[in-house]
Amino acid sequence: MRVPEIIAPPGGLGDGWAVALDTVDPQFDDALAAIAARLDAEASAGREWLPAPQRVLRALTVPLADVRVLVIGQDPYPTPGHPVGLAFSADRSVRPLPRSLANIYRELADDVGVPPPPHPDLSPWSERGVLLLNRVLTVAAGRANSHRGLGWQRVTDAVVRALVARGGPLVAVLWGRDAEAVRPLLGDVPVVASAHPSPLSARRGFFGSRPFSRVNAALLLQGAEPIDWDISP
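Counting from 92, one number per residue, gives the positions in the sequence shown under the numbering used here.
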């Protein structure tokens, strides 16, 4: 598998991903190259897109074997300086917190008693085996959902299929309708699902859903270590 230079992470993909993605989708390289060409054309035309190119595939820099939890998001925050390549996470300096993330932190405190962090950096979760994967990995600056037609769904579907094919402990967290679209790919993987944490829907099923304790309970049933959700400074 070859990652197009325009979106290549500085250290490359995490161990195991290249072979796994090519195995579940033999045309994966072509699909990724087509998206990269579109992004290059957008940049050449002066149309800014996010996140920074070297962060587009950041979620896949964690080794495949280390992933224990899959969290599916929608697309990156469309505000320049905010998205970092991990779903729901933002640059550590961002204030106020993105509203969906503030709701996630509220549920985190209510569910497992972890104090809401003062920052929006979820990279510790990523390092602990939580794959924070947006369904669509780029967005035009200032225009949410603007890259839904670029073909990213094929790429992220392949990521999900690679995780399922890998086997071993895994729990999927599906928040909202976009995330639910990957459910048919998950097979027997335990699923924790609810409404999206967005202010538009959080009160329709996200608050009170206790996703963090449910994930850890499902991991324990599979003989895996639970996730330490505390990312306080």
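A virtual CB, placed ideally from N, CA and C, is assigned to each residue, including glycine.
Beta carbon of residue i nearer than 8 Å to that of residue j
| i | j | result |
| --- | --- | --- |
| Ala127 | Pro95 | yes |
| Leu223 | Trp216 | yes |
| Gly259 | Asp157 | no |
| Pro171 | Ala232 | yes |
| Ser214 | Leu177 | yes |
| Ser289 | Gly296 | no |
| Pro167 | Val230 | yes |
| Gly314 | His287 | no |
| Val251 | Val273 | yes |
| Pro144 | Ile97 | yes |
| Pro100 | Leu148 | yes |
| Val203 | Trp320 | yes |
| Leu155 | Gly105 | yes |
| Gly161 | Ala263 | The identity of residue 161 in the sequence shown is Leu, whereas the question assumes Gly. Yes, they are a contact pair. |
Local Cβ density within 10 Å of residue i, reported as buried at 16 or more and exposed below that
| i | result |
| --- | --- |
| Gln165 | buried |
| Ser300 | buried |
| Asp212 | buried |
| Arg294 | exposed |
| Ser184 | exposed |
| Ile316 | A small correction: the amino acid at residue 316 is Glu; Ile does not occupy that position in the sequence shown. Per the 10 Å Cβ criterion, exposed. |
According to DSSP, residues forming a beta bridge with residue i
| i | result |
| --- | --- |
| Arg234 | Ala231 |
| Ser285 | Trp266 |
| Val94 | Note: Val94 sits in no beta bridge, so no partner. |
| Trp216 | In DSSP, Trp216 forms no bridge with anything. |
Same chain, Cβ closer than 8 Å to residue i, five either side skipped, listed in chain order
| i | result |
| --- | --- |
| Thr114 | Ala253 and Ala256 |
| Pro208 | Tyr196, Ile322, Ser323 and Pro324 |
Own chain residues within Cβ distance below 6 Å of residue i, not counting five before or after
| i | result |
| --- | --- |
| Trp243 | Val227 and Leu228 |
| Arg129 | Leu241 |
Any non-hydrogen atom of the ligand MG closer than 7 Å to residue i Cβ
| i | result |
| --- | --- |
| Phe298 | As for the ligand MG, it is missing from this structure, which has no ligand bound. |
Own chain residues within Cβ distance below 7 Å of residue i, not counting five before or after
| i | result |
| --- | --- |
| Gly102 | Thr152 |
Report task. Enumerate, from N- to C-terminal direction, the unbroken alpha helix (DSSP H) stretches of 4 or more residues contained entirely within the region 132 to 216. Result -> The region 132 to 216 contains these whole alpha helix (DSSP H) runs: 190 to 203.
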